[in-house]
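In my numbering, each residue's number is its place in the sequence shown (first place is 1) plus 47.
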Amino acid sequence: MNVKKCYEQLEGDYKGILFRLSNDEAIIRFLKKFLKDETFSNLKKELYLNNREKSFLYVHALKGICSNMGFLKLLKKCSDLTENIRSESSEITVTTKELFDIVEQEYNHTILTIKETVESE
Numbered sequence: 048m049n050v051k052k053c054y055e056q057l058e059g060d061y062k063g064i065l066f067r068l069s070n071d072e073a074i075i076r077f078l079k080k081f082l083k084d085e086t087f088s089n090l091k092k093e094l095y096l097n098n099r100e101k102s103f104l105y106v107h108a109l110k111g112i113c114s115n116m117g118f119l120k121l122l123k124k125c126s127d128l129t130e131n132i133r134s135e136s137s138e139i140t141v142t143t144k145e146l147f148d149i150v151e152q153e154y155n156h157t158i159l160t161i162k163e164t165v166e167s168e
């Protein structure tokens, strides 16, 4: 799968990332870095530990990464979770966990799509 098709499947901003990085080879380098990034796994761990403050930091960081990479659909899901954690009390709520499940589903889709792309390049 080529990079443009990858972004189509992710409902991402291919034109924006291409403008920022200039070519598909550079985009692929950053896609590979995204596969190795531990922000999502740290978010998952902190939510499991019921640590709202660290969860907020990690989901906010993931949101920023998604914005920079043009992963618009995952960005929206992370944004919803970020705002939920920001507005909640000191405890992680059921709603927060439900929103995280949505983020996790989209994150897993993103990872699989990226793997298909970088393996075919």
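The beta-carbon is built from N, C-alpha and C at its ideal position, and this holds for glycine as well. It should be emphasised that the depicted structure is a prediction, and the values quoted were computed from it without experimental measurement.
Original post:
Short check: CB of Lys-120 to CB of Leu-57, under 8 Å?
Top reply: yes
Original post:
What whole-angstrom Cβ distance do Phe-147 and Leu-128 have, given they're in contact under 8 Å?
Top reply: 6 Å
Subject >> Endpoints, the alpha helix (DSSP H) within which Gly-63 is located >> reply: 61-68
Subject >> Exposure label - Leu-96; buried when at least 16 CB within 10 Å >> reply: exposed
Subject >> Inter-residue Cα distance where the pair is Cys-113 and Glu-72 >> reply: One C-alpha to the other measures close to 19 Å.
Original post:
In its own chain, which residues sit with a C-beta less than 7 Å from the C-beta of Glu-93, not counting the 5 before and 5 after it?
Top reply: Excluding residues up to 5 positions away in sequence, Lys-101, Ser-102, Tyr-105 lie with their Cβ nearer than 7 Å to the Cβ of Glu-93 in the same chain.
Subject >> CB of Glu-163 within 8 Å of CB of Met-48, strictly >> reply: yes
**OP:** Could you please give the first and the last residue of the uninterrupted alpha helix (DSSP H) stretch that includes Gly-111?
**Re:** 99-116
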